[in-house]
Amino acid sequence: MRNAAIHSDWNYANKLCLLVAEQQSLSCDHLNAIKLYDASIKSARKSGFIHEQGLACEKAGFYYKRYGAVHKALDYFKQARECYEEWGSSMKVGFIKKEIDSLNVSGS
Numbered sequence: 307m308r309n310a311a312i313h314s315d316w317n318y319a320n321k322l323c324l325l326v327a328e329q330q331s332l333s334c335d336h337l338n339a340i341k342l343y344d345a346s347i348k349s350a351r352k353s354g355f356i357h358e359q360g361l362a363c364e365k366a367g368f369y370y371k372r373y374g375a376v377h378k379a380l381d382y383f384k385q386a387r388e389c390y391e392e393w394g395s396s397m398k399v400g401f402i403k404k405e406i407d408s409l410n411v412s413g414s
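Using my numbering, you'd call the opening residue of the sequence shown number 307 and step up by one each time.
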């Protein structure tokens, strides 16, 4: 994928950033994971890939949820919901809404 990103940055950069963010998350490299989730979101937005922007926001939300950062998780899940609404995926909107509702209940 790195090679593809070199030749077609607009198409692959967000995917590569998300993949590496997930790897960094699993390796407990929190600073780099956060930077890469945000880079993936920014790259997907710039390239007009609203569904991939939503996915990166969703994954970042789950990352923050896993570490108990409820407010940050909510922020990313809300961004994901907006992306999925714009994309027209009612299934993903419903899924993310359940995550938001569970965090609102647990964070109260």
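The C-beta atom is built at its ideal place from N, Cα and C for all residues, glycine as well. Since the model is a prediction, treat every value here as computed from it, not as a measurement.
- Annotated three-state conformation of residue 373 is coil, per DSSP.
- The residue from 355, 371 and 339 with its alpha-carbon nearest to that of residue 318 is 355.
- Across the structure, residue 403 and residue 387 are spaced so that their CA atoms are roughly 7 Å apart.
- Linking residue 349 to residue 390 through their CA atoms gives a straight-line distance of about 17 Å.
- DSSP places residue 335 in no alpha helix (DSSP H); its state is neither H nor E.
- Sequence-distant partners of residue 338 (beyond 5 residues in either direction) whose C-beta falls short of 7 Å from its own C-beta, in its chain, are 330.
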